[in-house]
Amino acid sequence: MIPVCRLADLPRGEAFRLETVPPVAVFHTDEGELFAIDDTCTHQDASLSDGWLEGCEVECPLHASKFDLRTGAVDAPPARLPVRTHQVLVEDGMVYVLLCDTPPPLPPCAAARVVGAAE
Amino acid sequence: MRAVTVVGASLAGLSAARALRRQGYDGRLAIVGDEHHRPYDRPPLSKEFLAGEISEAALALEAEGEELRADWLLGATAVGLDRRDRSVRLADGRTVRSDGVVIATGAAARTLPGAAGLAGVHVLRTLDDARALRQDLLLGGRLVVIGGGFIGAEVAATAHGLGLDVTVVEAAPTPLAGPLGGTMAAAVAALHADHGVRLLCGVGVAALSGGRRVDAVVLDDGRQLPADTVVVGVGVRPRVEWLAGSGVALRDGVECDAKGGTSIPGVVAVGDCAAWYDPTAGAHRRVEHWTAARERPATAVAALLSGGLATPEPPRPPYFWSDQYGVRIQFAGHAGGADSVTVEEGDPADRSFVAVYRCGGRPVAVLGMDRTRPFTRWRRQLADSAATPAAGAP
Ligand SMILES: Cc1cc2nc3c(=O)[nH]c(=O)nc-3n(C[C@H](O)[C@H](O)[C@H](O)COP(=O)(O)OP(=O)(O)OC[C@H]3O[C@@H](n4cnc5c(N)ncnc54)[C@H](O)[C@@H]3O)c2cc1C
Ligand code: FES
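Taken in order, these protein sequences are the chains called A and B. Quick note: the first sequence, position 28, residue 775 per our numbering, numbers continuous. Quick note: the second sequence, position 201, residue 242 per our numbering, numbers continuous.
Below, the structure is given as structure tokens:
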């Protein structure tokens with residue numbers, strides 16, 4: 748379980764980027780729900796926590812593919828692959844995520860950089 | 042409505058077809074497109090695709106297994122529209138009759154007189170254009186880009202990345218001053234010099250020289266720029282020639298109301314070919330950007346299906362991006378009416394900043410370089426303030 752931030756520091760309509768590898772985006776929707784998904788868009792290297800949050804969807808800040816925060820599903824290209832979803836917990840006013848353990852579908856360029864960095 | 046024809050099988054046409062099905066339209070759907078390709082994405086044609094970083098398959102705009110229950114008439118050019126029965130005439134003599142027509146024929150690259158037939162001279166609008174240009178860029182050597190707009194700048198950046206010696210020629214004193222305003226346009230144009238790409242401004246092109254293949258660009262002032270390859274990036278013209286005499290009102294593109302409706306009932310227009318009425322500006326505006334071609338068809342389709350009765354949400358302010366030399370440029374709104382520009386974050390000298398354009402103190406546009414998060418905040422604020430007309434304005 749990874750601590751994210753205090754719930755009080757994540758107002759509704761806002762997102763927090765957790766600098767894990769790969770990074771995770773935690774959203775607090777206008778309706779008051781919390782969701783966590785992979786932060787990196789599956790199209791190119793955009794951070795979904797920078798995106799446009801509306802209801803239970805976040806629109807990629809670059810090319811407008813929309814990801815469903817509940818399922819990780821993408822609506823239409825340019826992004827083609829879903830993002831992973833992670834579990835969010837709140838304990839004593841603190842937000843935590845529990846990372847899912849399937850491998851992430853990274854966009855080709857970000858994947859190349861991760862590989863490059865490992866060398 | 043039992044039959045709808047979409048003319049133009051690219052982003053705006055595909056988005057219209059999707060919107061029709063999503064909004065419950067269950068009738069016949071024909072999609073006419075003069076290219077032989079399934080809908081593909083154009084922005085990468087000057088960026089990742091031209092650089093050879095992604096394949097043609099990655100350009101597909103349709104999702105895996107997406108099924109729109111449409112008759113795709115590809116490789117078919119529309120040559121006329123008959124207003125009486127809304128039938129679309131095709132170049133091969135066929136006609137497609139329907140109750141509703143969506144015009145989505147986009148735009149074509151402008152060319153230079155005298156460039157036809159000279160090998161090594163390119164425009165960039167289609168996949169076929171991009172394939173041909175890439176072939177020539179792989180030969181290396183000297184590239185001259187005519188026109189310093191977004192496409193020209195992106196091609197220059199990509200070709201520089203491929204190791205070519207690149208010169209950009211721009212007739213205006215600063216490229217992009219129209220969309221970005223003078224000050225900020227200069228900050229964006231400085232990217233060329235940062236990377237050792239020559240930018241010549243305020244000078245026109247007199248001629249292209251060469252025998253079978255181009256060998257130089259001759260400037261108005263007599264200078265000769267030796268060139269192995271030339272890209273002409275001097276803007277686009279809406280592809281509305283096929284509507285001449287149809288009764289569909291044309292101006293710079295198809296003249297539309299604020300929901301995409303044309304002068305003919307049952308006919309709407311979307312994407313790069315359409316000049317929608319913009320109530321905030323009090324004028325018709327043709328928007329040549331990807332996001333408008335993707336978003337606005339939903340509004341036009343709602344109007345089409347309801348016979349113009351639906352009152353859809355007003356479109357978001359126009360938004361576009363451009364990627365040059367690894368720098369991400371984003372812009373939203375209209376810079377035209379602004380009386381001030383202020384840098385809100387970062388510094389143009391660092392090529393990383395957000396600048397806000399205001400008119401009488403009210404934000405009307407925002408420009409970002411490598412600052413996606415604050416840019417998106419401002420973009421959203423622009424959209425919210427466009428949706429709620431000036432509270433407390435005099
Ligand atoms: C190289 C390049 C890079 C770009 N980069 C960016 C970017 O970074 N950011 C951004 O916001 N925008 C960018 N754009 C712009 C964006 O791609 C366009 O706004 C978008 O493609 C418009 O979509 P559309 O469907 O309206 O028109 P188009 O994509 O032009 O499609 C129109 C289609 O209709 C077909 N057609 C035309 N006439 C007929 C006819 N008579 N009969 C049948 N079919 C017809 C055409 O062949 C074409 O397939 C770029 C464009 C290009 C070319
Ligand atoms: S980077 Fe997200 S849609 Fe392109």
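Even glycine gets a Cβ: it sits at the ideal position worked out from N, Cα and C.
Inter-residue Cα distance where the pair is residue i and residue j
i, j, result
"B/GLY147", "B/ALA316", "11 Å"
"B/VAL308", "B/VAL342", "10 Å"
"A/VAL837", "B/PHE191", "46 Å"
"B/ALA145", "B/LEU115", "14 Å"
"B/ALA212", "B/ALA373", "25 Å"
"A/VAL842", "A/VAL830", "21 Å"
"B/LEU291", "B/ARG327", "12 Å"
"B/LEU284", "A/GLU804", "39 Å"
"B/VAL142", "B/VAL311", "11 Å"
"B/GLY202", "B/ALA92", "8 Å"
"A/ALA823", "B/VAL295", "27 Å"
"B/LEU86", "B/GLN176", "13 Å"
"A/ARG753", "A/GLY840", "6 Å"
"B/VAL207", "B/ALA194", "10 Å"
"A/SER812", "A/GLU766", "23 Å"
"A/PRO808", "A/ASP792", "10 Å"
"B/LEU159", "B/ARG127", "41 Å"
"A/ALA826", "B/PRO216", "31 Å"
"B/GLU105", "B/ALA98", "11 Å"
"B/ALA299", "B/PRO84", "26 Å"
"B/ALA321", "B/GLY349", "The sequence given here has Thr at residue 321 of chain B, not Ala. Those two C-alpha atoms are separated by around 20 Å."
Residue i CB to nearest heavy atom of ligand 1 below 7 Å
i, result
"B/LEU203", "no"
"B/GLY165", "The sequence as given places Leu at residue 165 of chain B; Gly does not occur at that position. Yes - ligand 1 has a heavy atom lying nearer than 7 Å to the Cβ of B/LEU165."
"B/PHE416", "no"
"B/ARG83", "yes"
"B/VAL273", "no"
"B/VAL73", "yes"
"B/ARG280", "yes"
"B/VAL407", "no"
"B/GLY219", "no"
"B/SER287", "no"
"B/ALA111", "no"
"B/LEU102", "no"
"B/VAL374", "Rather than Val, the amino acid found at residue 374 of chain B in this sequence is Gly. Not so, every heavy atom of ligand 1 lies at least 7 Å from the Cβ."
CB contact below 8 Å: residue i versus chain A
i, result
"B/GLU105", "yes"
"B/LEU102", "yes"
"B/ARG264", "no"
"B/ASP313", "no"
"B/TRP362", "yes"
"B/THR413", "yes"
"B/GLY147", "no"
"B/ARG421", "yes"
"B/THR199", "no"
"B/THR417", "yes"
"B/ARG335", "yes"
"B/THR440", "A question about residue 440 of chain B goes unanswered here, because the residues of chain B that appear run from 42 up to 435."
Near ligand 2: residue i beta-carbon under 7 Å from a heavy atom
i, result
"A/CYS807", "yes"
"A/CYS803", "no"
"A/SER812", "yes"
"A/ALA826", "yes"
"B/HIS330", "no"
"B/GLN371", "no"
"A/ARG847", "According to the sequence provided, residue 847 of chain A is Cys. The question's Arg does not apply to it. Answer for A/CYS847: no, Cβ out of range of ligand 2."
"B/ALA228", "no"
"B/GLN176", "no"
Chain B within 8 Å of residue i, Cβ atoms only
i, result
"A/GLY802", "no"
"A/ALA793", "yes"
"A/ALA811", "yes"
"A/ALA823", "yes"
"A/PRO769", "no"
"A/GLY798", "yes"
"A/ARG759", "no"
"A/PRO808", "yes"
"A/ARG753", "no"
Proximity test, Cβ basis, 8 Å: residue i and chain C
i, result
"B/ARG83", "The structure shown has no chain C; the protein chains it does contain are A and B."
Can you check the stretch 318 to 352 of chain B for any beta strand (DSSP E) of at least 3 residues that lies completely inside it and give the ranges in chain order?
-> Within the stretch 318 to 352 of chain B, the complete beta strand (DSSP E) runs of at least 3 residues are 324 to 327.
4-residue-minimum alpha helix (DSSP H) runs that sit fully inside the stretch 86 to 118 of chain B, ordered along the chain | 89 to 92
Within the stretch 401 to 432 of chain B, note down every full beta strand (DSSP E) run reaching 3 residues or more, in order along the chain.
-> 403 to 410
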